[in-house]
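Each residue of the sequence shown is one higher than the one before, starting from 2 at the first, in our numbering. Backbone N, C-alpha and C define an ideal beta-carbon position, used for all residues, glycine too.
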Amino acid sequence: MNDFLQLQVHDLVVPVLTGIYSEETHLPQPLRISITVDLEVPAHFAPDTPLGASKNYMDLKGAATGLPEGVHFVLIEAVADHIIDTLMAGDGRVARVEVHIVKLAIAEAGEAIGIRRVKHRA
Numbered sequence: 002m003n004d005f006l007q008l009q010v011h012d013l014v015v016p017v018l019t020g021i022y023s024e025e026t027h028l029p030q031p032l033r034i035s036i037t038v039d040l041e042v043p044a045h046f047a048p049d050t051p052l053g054a055s056k057n058y059m060d061l062k063g064a065a066t067g068l069p070e071g072v073h074f075v076l077i078e079a080v081a082d083h084i085i086d087t088l089m090a091g092d093g094r095v096a097r098v099e100v101h102i103v104k105l106a107i108a109e110a111g112e113a114i115g116i117r118r119v120k121h122r123a
């Protein structure tokens, strides 16, 4: 059985061009994005273990905040897939990625309306 480390970055607010309605398609809207990555790692981390044995969690933040400029994502599911594809392509040790996206602009009473997308490496 493999050992995994879960890396997490939660509650990033990112402006993204997304949506299907005319009022959504002209300006970026805020999305709250949270990411969890299961990374295959060594069975033990010694005090002097280098960063290369793990993964810089800023890579997760970069995948969410570095979306292609000027690209309109019709569905937030496509935003999640772009983030997942970026993280899986960048590191073969990434076994699973979970992205949770909340559309902040449509909340009326603080509710969290959105999606959770999970992909496992084949």
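Three-way DSSP call (helix, strand, coil) for T66 in this model
Stepping through the sequence shown from its first residue, residue 66 is reached at position 65. If DSSP states are grouped into helix, strand and coil, T66 belongs with the helices.
Please report the residue range of the beta strand (DSSP E) in which A44 lies.
To locate residue 44, count along the sequence shown from 1; it is residue 43. No beta strand (DSSP E) contains A44, which DSSP labels as neither H nor E.
CB L13 to CB L28, shorter than 9 Å?
As a first step, residue 13 is located in the sequence shown; it is residue number 12 there, counting from the start. As a first step, residue 28 is located in the sequence shown; it is residue number 27 there, counting from the start. Contact flag unset, no.
Per DSSP, what kind of secondary structure is A82 in: helix, strand or coil?
Against the sequence shown, residue 82 aligns to sequence position 81. What sits at residue 82 in the sequence shown is Asp, not Ala. Reduced to three states, the DSSP call for D82 is helix.
Distance, Cα to Cα, I85 vs V98?
Residue mapping note: residue 85 aligns to position 84 of the sequence shown, counting from 1. Residue mapping note: residue 98 aligns to position 97 of the sequence shown, counting from 1. Taking the straight line from one Cα to the other gives about 6 Å.
Rounding to the nearest angstrom, what Cα-Cα distance links A106 and A44 in this structure?
Taking the sequence shown and counting its residues from 1, the one referred to as residue 106 is at position 105. Taking the sequence shown and counting its residues from 1, the one referred to as residue 44 is at position 43. Taking the straight line joining both Cα atoms gives about 43 Å.
Assuming F74 is part of the beta strand (DSSP E), what are its boundary residues?
Sequence index remark: in the sequence shown, residue 74 carries index 73 (1-based). Element bounds for F74: n/a, residue is neither H nor E.
Which word fits L76, buried or exposed, when buried means at least 16 other C-beta atoms lie within 10 angstroms of its C-beta?
On the sequence shown, residue 76 is found 75 positions in, with the first residue counted as 1. It is exposed - the Cβ of L76 has fewer than 16 other Cβ atoms within 10 Å.
Please report the straight-line C-alpha distance between I34 and A108, rounded to a whole angstrom.
Against the sequence shown, residue 34 aligns to sequence position 33. Against the sequence shown, residue 108 aligns to sequence position 107. I34 and A108: Cα-Cα distance of roughly 15 Å.
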